[in-house]
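Presented below is the structure to which this report refers.
2 protein chains.
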Amino acid sequence: MGRFLSVDAGIFEQWMQRSLAACELALDRFVPSDAPAGLGEAMRYAVLDGGKRLRPLLVMAANDAVRGDAEAAMRAACAVELIHAYSLVHDDMPCMDDDVLRRGKPTAHVKFGEARAMLAGDAMQALAFEVLTPDAADSAMPPALQARLCSLLARSAGHAGMAGGQAIDLASVGQQLDECTLRDMHRRKTGVLLQASVMMGAACGQASVQALTHLSEFGAALGLAFQVVDDILDVTQDSAVLGKTAGKDQDANKPTYVSVLGLEPARALAQELRDQAHKALAASGLTHTAWLSLLADMVVERQN
Amino acid sequence: MGRFLSVDAGIFEQWMQRSLAACELALDRFVPSDAPAGLGEAMRYAVLDGGKRLRPLLVMAANDAVRGDAEAAMRAACAVELIHAYSLVHDDMPCMDDDVLRRGKPTAHVKFGEARAMLAGDAMQALAFEVLTPDAADSAMPPALQARLCSLLARSAGHAGMAGGQAIDLASVGQQLDECTLRDMHRRKTGVLLQASVMMGAACGQASVQALTHLSEFGAALGLAFQVVDDILDVTQDSAVLGKTAGKDQDANKPTYVSVLGLEPARALAQELRDQAHKALAASGLTHTAWLSLLADMVVERQN
Numbered sequence: 005m006g007r008f009l010s011v012d013a014g015i016f017e018q019w020m021q022r023s024l025a026a027c028e029l030a031l032d033r034f035v036p037s038d039a040p041a042g043l044g045e046a047m048r049y050a051v052l053d054g055g056k057r058l059r060p061l062l063v064m065a066a067n068d069a070v071r072g073d074a075e076a077a078m079r080a081a082c083a084v085e086l087i088h089a090y091s092l093v094h095d096d097m098p099c100m101d102d103d104v105l106r107r108g109k110p111t112a113h114v115k116f117g118e119a120r121a122m123l124a125g126d127a128m129q130a131l132a133f134e135v136l137t138p139d140a141a142d143s144a145m146p147p148a149l150q151a152r153l154c155s156l157l158a159r160s161a162g163h164a165g166m167a168g169g170q171a172i173d174l175a176s177v178g179q180q181l182d183e184c185t186l187r188d189m190h191r192r193k194t195g196v197l198l199q200a201s202v203m204m205g206a207a208c209g210q211a212s213v214q215a216l217t218h219l220s221e222f223g224a225a226l227g228l229a230f231q232v233v234d235d236i237l238d239v240t241q242d243s244a245v246l247g248k249t250a251g252k253d254q255d256a257n258k259p260t261y262v263s264v265l266g267l268e269p270a271r272a273l274a275q276e277l278r279d280q281a282h283k284a285l286a287a288s289g290l291t292h293t294a295w296l297s298l299l300a301d302m303v304v305e306r307q308n
Numbered sequence: 005m006g007r008f009l010s011v012d013a014g015i016f017e018q019w020m021q022r023s024l025a026a027c028e029l030a031l032d033r034f035v036p037s038d039a040p041a042g043l044g045e046a047m048r049y050a051v052l053d054g055g056k057r058l059r060p061l062l063v064m065a066a067n068d069a070v071r072g073d074a075e076a077a078m079r080a081a082c083a084v085e086l087i088h089a090y091s092l093v094h095d096d097m098p099c100m101d102d103d104v105l106r107r108g109k110p111t112a113h114v115k116f117g118e119a120r121a122m123l124a125g126d127a128m129q130a131l132a133f134e135v136l137t138p139d140a141a142d143s144a145m146p147p148a149l150q151a152r153l154c155s156l157l158a159r160s161a162g163h164a165g166m167a168g169g170q171a172i173d174l175a176s177v178g179q180q181l182d183e184c185t186l187r188d189m190h191r192r193k194t195g196v197l198l199q200a201s202v203m204m205g206a207a208c209g210q211a212s213v214q215a216l217t218h219l220s221e222f223g224a225a226l227g228l229a230f231q232v233v234d235d236i237l238d239v240t241q242d243s244a245v246l247g248k249t250a251g252k253d254q255d256a257n258k259p260t261y262v263s264v265l266g267l268e269p270a271r272a273l274a275q276e277l278r279d280q281a282h283k284a285l286a287a288s289g290l291t292h293t294a295w296l297s298l299l300a301d302m303v304v305e306r307q308n
């Protein structure tokens, strides 16, 4: 277990609220309102005022664990959220999951049309890398850190990460997958970006190779736990609680942890992954891991 | 006029063929064949074996002008071509231009379906930034140069550049635009990425602020000339010569330089922009600008 699990829940809540408010302000500043022909409006619709912001919280918590640079971490947090938000816009489109509800609102293509939604997603991916590479006049972020963060983000968003996972997801509709293949799909589709969030936060400070290895293990366990819980909530919650269409994986005949393992074994797996995450933190040798530890709890205990 | 226009056309042709062959080899190495669920196949289809590779040639020619690092320039050349190729995949999709022919072949969504084409485009954008941020084990490219190239590429691909221009393009169907608005649209849609190609090549070496300013002017003039000529060819050539559907701007009722200015004034503008490009090179104080100068000629004189 993490060393600071005895931390007051109220203090964690305060840290979260403060971090979320700062992240919202930063996103509001980074996402342009003046992009031409309604593009800015669509980008802002897709990324502001919504979402759990789990990835930004992981970046900031990992940065806290290594006592890193807060401004760099905030840029990393916004960049990873931009990648996540663009992936949802594209994923919801008719040629993909064809979904009309996201974060309790009409999806971007319903609101702005398919063409503008696709372009907004494309521009959001580019914006993520703009945010990570500020001009020297705007930021003291060292160029080597900028390059490192771009490297981590690009690799987690691309063919070996998120986009690759979505391709497997598409191809797996109606297929019987074994747990190993399902795990590979989810690791790429959501796990790699969650893990990258932790590693990007850690990159903003100094940490030993050993600490980074254990943070990477933590991110992998948390990333997989997130998806297992997502699959559980998809069948146990309704759309109003989720803020997105419930039961859609089942309806789409997509393999999930619940369909492959069953509901109770899936719940047990989520708990096991939480334990793995806590153990990895304990092994890291880092002392300020309370927020990371509590975020892992939150991922497993969440109801939406 | 450039200082080396007397260079033998055969020597330029040799430089181009050598550069194009090297670029093709590098792209073949960078674009994965093993990305999951057919994603790699779609990415390779969209970027290999086709295209004029004007952007990579501009990167390499600008790098030559500043006597820069050839390996870094090759990565920059491949990255900018990946961005260009992904934009074509998305631009051809039914919700955008709905085109079935590109580089003489079926478009990516015709060949692989819309979902995989969209994901391939998304993964190609991410790959561009992967290529620019190699591990130290794979490349001696300085991290500060990696960051600088990511910054230039992201800003030219995003809302202020290419994606923004495409949004204006979408919104302009059936509209009467004045030349100023048309110029802004084209500057963003194609000009900014062509200009960025020049600036990325120049970033791989050392150049004075004055030289960079003139190279930027060169890139802007060449970028606009490219689009004016594109508009001319759209009405004067047939699909077989172009390798893409001819007359489609006219059919789609999109404003073009030909529709706004007329054919002969558009041709005169292309010549004027070529002169501007040559003058900017002459003013740069750089001595190895023969390839850039001849590329500007090629852009204006091309037949497809």
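As given, the protein sequences belong to chains A and B, one line each in that order. Residues 5 to 308 (my numbering) make up the first sequence, in order. Residues 5 to 308 (my numbering) make up the second sequence, in order. Ideal Cβ positions, reconstructed from N, Cα and C, are used throughout, including at glycine.
- Under the DSSP assignment, threonine 293 of chain B falls outside any alpha helix (DSSP H); it carries neither an H nor an E label.
- Counting along the chain, threonine 240 of chain B sits inside the alpha helix (DSSP H) bounded by residues 213 to 240.
- With respect to chain A, the C-beta atom of leucine 131 of chain B has a partner C-beta closer than 9 Å.
- When beta bridges are read from the DSSP output, proline 110 of chain B appears opposite B:Leu105.
- The C-alpha of aspartate 182 of chain A lies about 44 Å from the C-alpha of lysine 248 of chain B.
- Apart from the 5 residues on each side of it in sequence, proline 138 of chain A sits with its Cβ closer than 8 Å to the Cβ of Arg79, Met145 and Gln150 in its chain, given in chain order.
- Short of 6 Å from the beta carbon of isoleucine 172 of chain B, and not among the five residues preceding or following it, lie these beta carbons of its own chain, in chain order: Met189.
- Aspartate 32 of chain A carries a helical assignment under DSSP once its states are collapsed to helix, strand and coil.
- Between the region 198 to 205 of chain A and the region 214 to 228 of chain A, the count of Cβ pairs shorter than 8 Å is three or higher; the stretches touch.
- Remark: C-beta atoms of alanine 215 of chain B and valine 70 of chain B approach each other more closely than 9 Å.
- Put simply, the CB of methionine 47 of chain A is near chain B, with a gap under 9 Å to one of its CB atoms.
- Between arginine 120 of chain B and glutamate 134 of chain A a beta carbon distance of about 27 Å is seen, past the 8 Å cut, so the two are scored as non-contacting.
- Proximity of leucine 123 of chain B to chain A, defined by a Cβ-Cβ separation below 9 Å, is satisfied.
- Sequence-ordered contacts of the region 197 to 226 of chain B with chain A are nonexistent [C-beta pairs closer than 8 Å].
- Using beta-carbon distances, alanine 127 of chain A counts as an interface residue toward chain B, with a partner under 9 Å.
- Residues of the region 23 to 55 of chain B with a C-beta less than 8 Å from any C-beta of chain A: Pro36, Ala39, Pro40, Ala41, Gly42, Leu43, Gly44 and Met47, listed in chain order.
- In this structure the region 225 to 233 of chain B does not touch the region 84 to 97 of chain B; the number of beta carbon pairs closer than 8 Å is below three.
- DSSP places arginine 159 of chain A in the uninterrupted alpha helix (DSSP H) bounded by 147 to 161.
- Annotation: glycine 195 of chain A to serine 297 of chain A spans about 17 Å, alpha carbon to alpha carbon.
- Taking the Cα positions, glycine 72 of chain A is about 9 Å away from alanine 66 of chain A.
- For the region 64 to 84 of chain A, the beta-carbon criterion of a distance under 7 Å to any beta-carbon of chain B is satisfied by none of its residues.
- Leaving aside the five residues that flank leucine 273 of chain A on each side, the residues in its chain whose CB is nearer than 6 Å to its CB run, in chain order, Val232.
- Contact between the region 28 to 37 of chain B and the region 286 to 302 of chain A is not established, with fewer than three Cβ pairs separated by less than 8 Å.
- Around the beta carbon of glycine 169 of chain B, 16 or more other beta carbons lie within 10 angstroms, which makes this residue buried.
- Scanning A:Leu174, A:Val245 and A:Cys208 for the CA closest to the CA of arginine 107 of chain A turns up A:Val245.
- The alpha-carbon separation between methionine 128 of chain A and leucine 62 of chain A amounts to approximately 20 Å.
- Contact between lysine 252 of chain A and aspartate 95 of chain A fails: their C-beta atoms lie close to 11 Å from each other, not under 8 Å.
- In the displayed model, alanine 39 of chain A falls within coil according to three-state DSSP, outside both helix and strand.
- Counting C-beta atoms within 10 angstroms of its own C-beta, arginine 192 of chain B has 16 or more neighbours from the protein chains shown and is therefore classed as buried.
- Between the C-alpha atoms of leucine 123 of chain A and leucine 43 of chain A there is a straight-line separation of about 7 Å.
- Taking CB atoms only, proline 147 of chain B has a neighbour in chain A less than 9 Å away.
- The beta carbon of methionine 97 of chain B falls within 9 Å of a beta carbon belonging to chain A, placing the residue at that interface.
- In the structure shown, aspartate 279 of chain A falls within a helical segment according to DSSP collapsed to helix, strand and coil.
- One thing to note: leucine 52 of chain B has its Cβ within 9 Å of the Cβ of aspartate 32 of chain B.
- At least 9 Å separates the CB of cysteine 184 of chain B from every CB of chain A.
- Here DSSP, grouped into helix, strand and coil, assigns asparagine 257 of chain B to coil.
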